[in-house]
Amino acid sequence: MNNQTVADELPKLSVKGQRWMLVLVLILGALFSVLTPPMKSPDEAGHVMRAYFLSQGRWGLKTEACSEEGYWCRHGSSMSGGDLDKGLYEYLNAYDTARHQKENSLDDVLASGIRWHGEKVFSPAAGTGFYFPLIYTPQALALGVGELFGLSVSKSYYLARAAVVMAGALILILAFSIYLPSPAVWLLLALPMSIFQAASASIDFLSTALAMLAICCFVRASGRVGVVNRKLLWLMAASIFVVATCRPHLAAMVFLLFTVAWQSKRRWVWGLASGTALLVLLWTVAAISGTVDFRTGREAGSAQVALFYFNNPGELFRVLNRTLANDGLVGYYVKSFIGVFADHAFPGSRYVWLGGFLVLSTVLSISPLVAWRSMVWVRLVLLTAGMATAALAFIAMLVAWSPFPANIIEGVQGRYLLVPVILVLVGLSAGWSFSGPRGLVCKGVALLAGVYGVLVSAQGIMSFFYVPLVPAVVIPVGESAMPGLLPSPVLSPGQPLIMPLPEQNAHGHQPMRWIGMMTATYARRLRGQMAIILTDDEGKQVQAPPVDLSRARDNLYLYAPVPAGRWNRVELRVLSGDGGLSIWMPQGVDGQGPLGTGCLVVVEESNSLVYTRGCPLPG
Numbered sequence: 047m048n049n050q051t052v053a054d055e056l057p058k059l060s061v062k063g064q065r066w067m068l069v070l071v072l073i074l075g076a077l078f079s080v081l082t083p084p085m086k087s088p089d090e091a092g093h094v095m096r097a098y099f100l101s102q103g104r105w106g107l108k109t110e111a112c113s114e115e116g117y118w119c120r121h122g123s124s125m126s127g128g129d130l131d132k133g134l135y136e137y138l139n140a141y142d143t144a145r146h147q148k149e150n151s152l153d154d155v156l157a158s159g160i161r162w163h164g165e166k167v168f169s170p171a172a173g174t175g176f177y178f179p180l181i182y183t184p185q186a187l188a189l190g191v192g193e194l195f196g197l198s199v200s201k202s203y204y205l206a207r208a209a210v211v212m213a214g215a216l217i218l219i220l221a222f223s224i225y226l227p228s229p230a231v232w233l234l235l236a237l238p239m240s241i242f243q244a245a246s247a248s249i250d251f252l253s254t255a256l257a258m259l260a261i262c263c264f265v266r267a268s269g270r271v272g273v274v275n276r277k278l279l280w281l282m283a284a285s286i287f288v289v290a291t292c293r294p295h296l297a298a299m300v301f302l303l304f305t306v307a308w309q310s311k312r313r314w315v316w317g318l319a320s321g322t323a324l325l326v327l328l329w330t331v332a333a334i335s336g337t338v339d340f341r342t343g344r345e346a347g348s349a350q351v352a353l354f355y356f357n358n359p360g361e362l363f364r365v366l367n368r369t370l371a372n373d374g375l376v377g378y379y380v381k382s383f384i385g386v387f388a389d390h391a392f393p394g395s396r397y398v399w400l401g402g403f404l405v406l407s408t409v410l411s412i413s414p415l416v417a418w419r420s421m422v423w424v425r426l427v428l429l430t431a432g433m434a435t436a437a438l439a440f441i442a443m444l445v446a447w448s449p450f451p452a453n454i455i456e457g458v459q460g461r462y463l464l465v466p467v468i469l470v471l472v473g474l475s476a477g478w479s480f481s482g483p484r485g486l487v488c489k490g491v492a493l494l495a496g497v498y499g500v501l502v503s504a505q506g507i508m509s510f511f512y513v514p515l516v517p518a519v520v521i522p523v524g525e526s527a528m529p530g531l532l533p534s535p536v537l538s539p540g541q542p543l544i545m546p547l548p549e550q551n552a553h554g555h556q557p558m559r560w561i562g563m564m565t566a567t568y569a570r571r572l573r574g575q576m577a578i579i580l581t582d583d584e585g586k587q588v589q590a591p592p593v594d595l596s597r598a599r600d601n602l603y604l605y606a607p608v609p610a611g612r613w614n615r616v617e618l619r620v621l622s623g624d625g626g627l628s629i630w631m632p633q634g635v636d637g638q639g640p641l642g643t644g645c646l647v648v649v650e651e652s653n654s655l656v657y658t659r660g661c662p663l664p665g
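Per my numbering, the sequence shown runs over residues 47 to 665.
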């Protein structure tokens, strides 16, 4: 079988199929965009900020001088960020991302009424500093249109979600019109995690779609050795550049371009590949050197950490081995690959079924032997790229996020491995048109599993965000105090609150990730920010990101993220504003006074809850 014949037999999505796919993606995208509460997608608030900066004509982040030492200010330098409209700032802080049920009606009413202010406030967004801003074009256009035409911030935000769905759908349709990958890849795009991210204003759906476009261009171009399609290669190079500069672990996809250059033996293709690689490198260096990020709490910067492991490869492999040998972490990677919604995991049976469907679909999608012989180099490059990008996902989090020196690699999520797995699956199936009985069975399994994935996603969103796991405890404010509870002294600029954490956490085996506090606001809407300072057994202290006091609600738990660790004491201190809240505390045995600890909830790494005895269950 010659190369021309191989190229001609490669499948691609028909015009009719394109129309049906567009309708299907838009319907599902609209449904899940509306169902998913705001800011539940990982890091969605940061992505919205970066999109807004782009809508204002700012391509990069800036770093300002500051004086008040805290979470985002150290040594006179602010954490990298930008000027955010005050209305958008208020909207992003209106929702509690850690709450274990959908935001109450008061949150929705307050957030929906927020308008664009025109006044700007500086907001840190260092987590987005490494992303090339072009990936935010759909969201930026939507936010710009919303602000220009006087839409509420809420409507502008949902318009940004819709823009992501539309742009991602069009990119995927373009990709599949060039080369239609195996049904196993279809299933990957219908996994709950993929659906959940596609319905957000983050960049996950766009980056996955662009990576898919680059892969499809590569397979099509590699199927015609000696025949060079300039438009196809330029499209491939542009897609790889954007993907590699917003997802650093996907930088290895540049080698797909070099493979085409080697096959074509054309100088300009070599130049295109080299130029793309150089631009990716230049942007990465500029982003690392120009971004000030205090979130990790490390003294060493990313460049220093990278240099250390480059000079000590043995230590790099030891950290990787310890990470992959941790059964708990590997289990989390699998779950967060299939689907974890805002730290909510599905029942175990859902993962078994979806994992089984994926394995079966993959086995059925493996190409016949004749196809392997005709496209062996294409397969080897795709399989190598898949393994390389997976390895780089771990290395990137080791360099940019994990403590230094690291015992294990922190911060890796299963969703980071979606594109590496796509590369592997395309490599296993390239060159087969999925005709015949086995191809029909493969398509049927993938479609059945896709429908199941959609249903699981919808059920998960409803149960995680709309139906409380336990009855919500809302005790009205009145003349009679909450039964069995007393309020702590009121938090004020001169009056911090210091409380021990639930004893189980101090002696447990899992670090805490979130803290919840049952607050009393005395029926008022508070203003200002509150610092959370944590102390361990050895007296070491860390400060969590500041908490906006406007999020506190009377007689409900207020959740906030904290640095991972085994802490035994928490201190609440006013950063700005007048404070004005108390923490409900269980009464002592005599019923005359509080026990000295508040109604606190500790959320551990496994999402298990530890809460103060004698307090209402967290809702």
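All C-beta atoms, glycine included, are put in the ideal place defined by N, C-alpha and C.
Keep in mind it's a predicted model, so treat the numbers as computed, not measured.
{"query": "Residues near L438 by beta carbon distance below 8 Å, same chain, minus five either side", "result": "P294, H295, L296, A297, A298"}
{"query": "Rounded distance between the beta-carbons of F383 and L494, thought under 8 Å", "result": "The Cβ separation is near 20 Å, so there is no contact."}
{"query": "Alpha-carbon to alpha-carbon, I441 and M558", "result": "24 Å"}
{"query": "Start-end ranges of the alpha helix (DSSP H) lying completely within the region 421 to 491, minimum 4 residues", "result": "422 to 446, 464 to 475"}
{"query": "Where Y98 sits in the DSSP three-state scheme", "result": "helix"}
{"query": "Exposed unless 16 or more other CB atoms sit within 10 angstroms - verdict on H121", "result": "exposed"}
{"query": "Ranges of the beta strand (DSSP E) found wholly within the region 564 to 589, counting only runs of at least 3", "result": "575 to 581, 587 to 589"}
{"query": "Any 3 or more C-beta pairs closer than 8 Å across the region 232 to 239 and the region 451 to 470", "result": "yes"}
{"query": "Contact check, G192 vs T254, beta carbons under 9 Å", "result": "no"}
{"query": "Residues bridged to Y397 (per DSSP)", "result": "Bridge partners of Y397: none, in fact."}
{"query": "C-beta atoms of V338 and L444 nearer than 9 Å", "result": "no"}
{"query": "Bounding residues of the alpha helix (DSSP H) (the contiguous stretch that carries K62)", "result": "61 to 81"}
{"query": "L684 - partner residues in DSSP beta bridges", "result": "Examination of residue 684 is not possible in this model, given that the chain is present from 47 through 665 alone."}
{"query": "Beta-carbon separation (whole angstroms), A32 vs L252, contact threshold 8 Å", "result": "With the chain running from 47 to 665 in the structure shown, residue 32 is simply not present."}
{"query": "Top-ranked residue by Cα proximity to L471, from S246, C262, R396", "result": "C262"}
{"query": "Local conformation of P514 per DSSP, three classes", "result": "Any reading at P514 needs caution, since the residue's pLDDT is 48, under 50, leaving its predicted position unreliable; the model's value is listed next. P514 falls in the coil class under three-state DSSP."}
{"query": "Segment limits, beta strand (DSSP E) that includes M239", "result": "Where M239 is concerned, there is no enclosing beta strand (DSSP E), although the alpha helix (DSSP H) it sits in stretches over 238 to 244."}
{"query": "Residue(s) in a DSSP beta bridge with V167", "result": "L130"}
{"query": "Distance between W316 and D389 (C-alpha atoms, nearest Å)", "result": "44 Å"}
{"query": "Stretch-stretch touch, CB-based, cutoff 8 Å, three pairs: the region 195 to 207 with the region 158 to 178", "result": "yes"}
{"query": "Spatial neighbours of P184 in its chain, beta-carbon cut-off 6 Å, leaving aside the 5 residues before and after", "result": "A209, V210, A213"}
{"query": "Own chain partners of P227 with C-beta closer than 6 Å, once the 5 adjacent residues on each side are dropped", "result": "V472"}
{"query": "Exposure of V80, with buried meaning 16 or more beta-carbon neighbours within 10 Å", "result": "exposed"}
{"query": "Alpha-carbon spacing of I507 relative to N358, whole angstroms", "result": "44 Å"}
{"query": "First through last residue of the beta strand (DSSP E) which encompasses E617", "result": "615 to 622"}
{"query": "Neighbourhood of P179 by C-beta, 6 Å cutoff - its chain only, sequence neighbours within 5 removed", "result": "L100, W105"}
{"query": "Residues that W105 bridges to, as DSSP identifies them", "result": "Per DSSP, none; premise fails for W105."}
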